[in-house]
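All remarks here apply to the structure that follows.
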Amino acid sequence: MSPGSLTRLGRILTGVAAPLRLGRDYSLFWTAQTLSAIGDGVGSLALSVLVLRQTGSAETTSLAVVLRMLPPLFVGPVAGLVLDRVSRKTVMALTDLVRSLVTLYVGYALYTGTFGVAHACFWMLASGTMSSFYEPAGMALIPSLVSSDSVPRANAVQSMGKNTAWIVGPALGGIILEAWGGPGVMWVNGVFCAAAALCVFFIRTQVDAALSGSGRPGIRRIWDGLAFYRSMPVAVHLLLLTIAINLCTVPVELGFQVHVLQVLKKDTGMLGLAFSVAAVMSVLSSFWVAAIKSVKLRKMLLMGIAGMGLSFALTALTTSMWTAFGTFALFGASGPLILIPISSIYHKVTPSDIRGRVFAFRSAASTLMAPLSTPIVGWGLDMFGSKTMLVVLGVALLTVGAFASISRPLADQSLG
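For the sequence shown, the numbering used here begins at 34 and goes up steadily by one.
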């Protein structure tokens, strides 16, 4: 390669990487969230496998996993109030430290041979409870770390880190589980969480919550996040849009599994490879959003919904694994195009002093969809098959996109 070509390549790489440099504090925040997500992926996969091995019951394993979904439904309002009263970075650091200690304790139980299903349930409940604080805190903290113009880019980079963690975490967990056993997995998870807490500790921003005495909301203000939705039409539309999207997307993984395993008659290795393709495309899609100069949030959101809806319907029509890889790639690439605009619009319209309560309420409403929609889709898969259900989910999501395209509050926000 000639020196001129190398120079041009260097300029291209520099231009692509430049948007990712969002400052010291954001770099620490991003590193913390990525490390925490990797540790989470390592631990959750290992524990579900260990419970399945110990009990031999998929039902018991699924019940243990569901325990992780419950805390946001009950803890969410309290978590939101806490996040608007105290430093959000402190909450993030403390929750990661608690997760680290709980994980190390479970690792010790595995090492001493006293591990049982109760330990796994305890870890799932603790992890879900900490996530009820951690996730809204991270979302509420982002505008304090970057300029308002950089918020969409920051959301894209955050999405890229989490998608990378979803690839690395379970894979690393499986490797460590086979090499070092259960104790090794949990200890590695605990170290990741502790390292994430340390990164958050060094973030310097202080403008991350209403910390003045007059600004601290009392217990009576716990539902101010809900009141905000009532007073802000665009927030109501975003919340309803998020709920509708989750109703369609949360159970689709089950539909994909049934289609690949039963219709295409492939093994779990091919299924895992297909989901890996989707995860890699999610990373690349997030990277693309971070690299572009201007982000048209509304157009990107509609494009993401359309792409994901088409991926569902096209998967139903696939007759070979090679075409399925293409639809899984479309599915993965569409995810960030939905999540990044929604988060960025929330950041734009939500006042700083109630972000904790607003994001906590959003998290609780989103989590509610998993236990509601998944059993319904499971019944539909048994009754009508994966082809029909994937088409139904795809058409439903495209219908949601059509309503979003005519939403006046979204159009009035000048989101592009």
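Even glycine gets a Cβ: it sits at the ideal position worked out from N, Cα and C.
* Of the listed residues Arg388, Ser344, Met157 and Leu280, nearest to Gly411 (C-alpha basis) -> For the purposes of this step, residue 411 is taken as the residue at position 378 of the sequence shown. Considering only alpha carbons, the answer is Leu280.
* Asked: To which residues of the same chain is Ala393 closer than 6 Å at the C-beta, ignoring the five residues directly before and after it?
  -> Taking the sequence shown and counting its residues from 1, one reaches residue 393 at position 360. Within the same chain, Gly109, Ala112, Gly113 and Pro169 come within 6 Å of Ala393 by CB-CB distance, once the 5 residues on both sides are set aside.
* Using DSSP with H/G/I as helix, E/B as strand and the rest coil, what is Arg186? -> Locating residue 186 in the sequence shown gives position 153, where the first residue counts as 1. Here Arg186 sits in helix by DSSP.
* So which of Ala79, Lys332 and Pro284 has the shortest CA-CA distance to Ser438? -> For the purposes of this step, residue 438 is identified with residue 405 of the sequence shown, where counting begins at 1. Cα-wise, what sits closest to Ser438 is Lys332.
* Classify Pro369 as buried or exposed, calling it buried when 16 or more other Cβ atoms lie within 10 Å of its own Cβ. => Locating residue 369 in the sequence shown gives position 336, counting from the first residue. Buried: at least 16 other Cβ atoms inside 10 Å.
* For Phe225, which residues from the same chain have a beta carbon less than 6 Å from its beta carbon, with the 5 sequence-adjacent residues on both sides left out? -> Within the sequence shown, numbered from 1, the residue matching residue 225 stands at position 192. Result list for Phe225: Leu68, Ile71 and Gly72, in chain order.
* Asked: From what residue to what residue does the alpha helix (DSSP H) around Lys420 run?
  -> Here residue 420 is taken as the residue at index 387 of the sequence shown, counted from 1. Where Lys420 is concerned, the enclosing alpha helix (DSSP H) stretches over Ser419 to Ser438.
* Asked: For the stretch 191–206 against the stretch 72–81, are there 3 or more C-beta pairs whose distance is under 8 Å?
  -> Contact annotation: the stretch 191–206 touches the stretch 72–81, with at least three C-beta pairs closer than 8 Å.
* Could you pull the start and end residues of the alpha helix (DSSP H) that His270 belongs to? => For the purposes of this step, residue 270 is taken as the residue at position 237 of the sequence shown. Annotation: the continuous alpha helix (DSSP H) that includes His270 extends over Pro266 to Thr282.
* Length of the line joining the Cα atoms of Asp129 and Ile278 -> Your numbering for residue 129 matches position 96 in the sequence shown. Your numbering for residue 278 matches position 245 in the sequence shown. Approximately 29 Å between the Cα atoms of the pair.
* Asked: What is the rounded straight-line gap between the Cα of Pro52 and the Cα of Ser367?
  -> On the sequence shown, residue 52 is found 19 positions in, with the first residue counted as 1. On the sequence shown, residue 367 is found 334 positions in, with the first residue counted as 1. With a pLDDT of only 41 at Pro52, under 50, the local geometry of the prediction cannot be trusted, and no value is derived from it.
* For Gly246, name the three-state secondary structure that DSSP assigns. => As a first step, residue 246 must be located in the sequence shown, where it is residue number 213. In this prediction, Gly246 has a pLDDT of 47, which is less than 50 and means its spatial position is unreliable; nothing more can be read from the coordinates.
* Would you give the residue range spanned by the alpha helix (DSSP H) that Arg331 belongs to? => For the purposes of this step, residue 331 is identified with residue 298 of the sequence shown, where counting begins at 1. Unbroken alpha helix (DSSP H) run through Arg331: Leu330 to Leu350.
* Asked: Taking the alpha helix (DSSP H) that Gly72 falls in, what are its first and last residues?
  -> As a first step, residue 72 is located in the sequence shown; it is residue number 39 there, counting from the start. Counting along the chain, Gly72 sits inside the alpha helix (DSSP H) bounded by residues Arg57 to Thr88.
* **Cβ neighbours of Val150 in the same chain (closer than 8 Å, five flanking residues each side left out)** => Stepping through the sequence shown from its first residue, residue 150 is reached at position 117. Its chain contains Val84, Gln87, Thr88, Thr93 and Ala97 as the residues whose beta carbon lies nearer than 8 Å to that of Val150, once the 5 sequence neighbours on both sides are disregarded; these appear in chain order.
* Limits of the unbroken alpha helix (DSSP H) element including Pro369 -> Here residue 369 refers to the residue found at position 336 of the sequence shown. Boundaries of the alpha helix (DSSP H) around Pro369: Met354 to Val382.
* CB contact flag (Leu430, Ile338, <9 Å) -> One-based indexing of the sequence shown puts residue 430 at position 397. One-based indexing of the sequence shown puts residue 338 at position 305. It is a contact, given that the beta carbons lie within the stated cut-off.
* Report all residues from its chain with a CB closer than 7 Å to the CB of His380; omit the five preceding and five following residues, and keep chain order. => Indexing the sequence shown from 1 puts residue 380 at position 347. The beta carbon of His380 sits closer than 7 Å to the beta carbons of Ile175, Pro176 and Val184 from its chain, once the five residues preceding and following it are set aside; these are given in chain order.
* With a CB to CB cut of under 6 Å and the five nearest residues on each side skipped, what residues in its chain are close to Ser440? -> Locating residue 440 in the sequence shown gives position 407, counting from the first residue. Short of 6 Å from the beta carbon of Ser440, and not among the five residues preceding or following it, lie these beta carbons of its own chain, in chain order: His270.
* Give the secondary structure of Phe107 by DSSP, where H, G and I count as helix, E and B as strand, and everything else as coil. => Position 74 of the sequence shown, counted from the first residue, corresponds to residue 107. Helix.
* Are Thr136 and Gly215 touching if we call contact CB-CB under 9 Å? -> Translated into the one-based positions of the sequence shown, residue 136 becomes position 103. Translated into the one-based positions of the sequence shown, residue 215 becomes position 182. No, Cβ-Cβ distance for Thr136 and Gly215 is not below 9 Å.
* Asked: Where Leu210 and Phe308 are concerned, what is the direct C-alpha to C-alpha distance, given to the nearest angstrom?
  -> As a working note, residue 210 is residue 177 in the sequence shown. As a working note, residue 308 is residue 275 in the sequence shown. In this structure, the alpha-carbon of Leu210 lies about 21 Å from that of Phe308.
* Asked: Nearest CA to the CA of Phe417: which residue from His292, Thr356 and Ser327?
  -> Stepping through the sequence shown from its first residue, residue 417 is reached at position 384. It is His292.
* **Residue span of the alpha helix (DSSP H) that contains Val145, given as start and end** => In the sequence shown, residue 145 corresponds to position 112, counting from 1. Looking at the sequence shown, residue 145 is not Val but Thr. For Thr145, the uninterrupted alpha helix (DSSP H) segment begins and ends at Arg121 to Thr145.
* Asked: Taking all protein chains shown into account, do 16 or more other C-beta atoms lie within 10 angstroms of the C-beta of Trp63, making it buried, or fewer, making it exposed?
  -> Working through the sequence shown from its first residue, we reach residue 63 at position 30. So Trp63 counts as buried.
* Nearest-angstrom beta carbon gap, Arg388 and Ala173 [assumed within contact, 8 Å] -> On the sequence shown, position 140 is the one that residue 173 refers to. On the sequence shown, position 355 is the one that residue 388 refers to. The pair is a contact, with the Cβ atoms about 4 Å apart (cut-off 8 Å).
* Asked: What whole-angstrom Cβ distance do Asn196 and Val316 have, given they're in contact under 8 Å?
  -> In the sequence shown, residue 196 corresponds to position 163, counting from 1. In the sequence shown, residue 316 corresponds to position 283, counting from 1. So it is a contact: roughly 5 Å between Cβ atoms.
* To do: Report the option in Arg121, Arg132 and Gly202 whose CA atom is closest to the CA atom of Gly171.
  => By one-based count along the sequence shown, residue 171 stands at place 138. Here the closest residue by C-alpha is Arg121.
* To do: Give the DSSP-derived three-state secondary structure of Arg101 in the structure shown.
  => For the purposes of this step, residue 101 is identified with residue 68 of the sequence shown, where counting begins at 1. Correct three-state label for Arg101: coil.
* Would you call Arg395 buried or exposed, if buried means 16 or more other Cβ atoms sit within 10 Å of its Cβ? -> Within the sequence shown, residue 395 is the residue found at index 362, counting from 1. Buried, because 16 or more other Cβ atoms sit within 10 Å of the Cβ of Arg395.
* Asked: Straight-line CA distance for Leu423 to Gly146?
  -> Residue mapping note: residue 423 aligns to position 390 of the sequence shown, counting from 1. Residue mapping note: residue 146 aligns to position 113 of the sequence shown, counting from 1. Going by the C-alpha atoms only, they are around 44 Å apart.
* Asked: So, helix, strand or coil for Ser180, using DSSP?
  -> Your numbering for residue 180 matches position 147 in the sequence shown. Correct three-state label for Ser180: coil.
* Could you give the distance in angstroms between the alpha-carbon of Thr4 and the alpha-carbon of Asp300? -> With the chain represented from 34 up to 449, any question about residue 4 goes unanswered, as that position is not in the structure.
* To do: Taking all protein chains shown into account, decide if Thr275 is buried (16 or more other Cβ within 10 angstroms of its Cβ) or exposed.
  => The residue you call residue 275 lines up with position 242 of the sequence shown. The residue is buried, with at least 16 neighbouring Cβ atoms inside 10 Å.
* Which first and last residues belong to the alpha helix (DSSP H) in which Val291 is found? -> By one-based count along the sequence shown, residue 291 stands at place 258. Segment Val285 to Val291, the alpha helix (DSSP H) holding Val291.
* To do: Determine the direct distance from the alpha carbon of Ala142 to that of His152, and round the result to whole angstroms.
  => Within the sequence shown, residue 152 is the residue found at index 119, counting from 1. Within the sequence shown, residue 142 is the residue found at index 109, counting from 1. When rounded, the distance between both Cα atoms is 8 Å.
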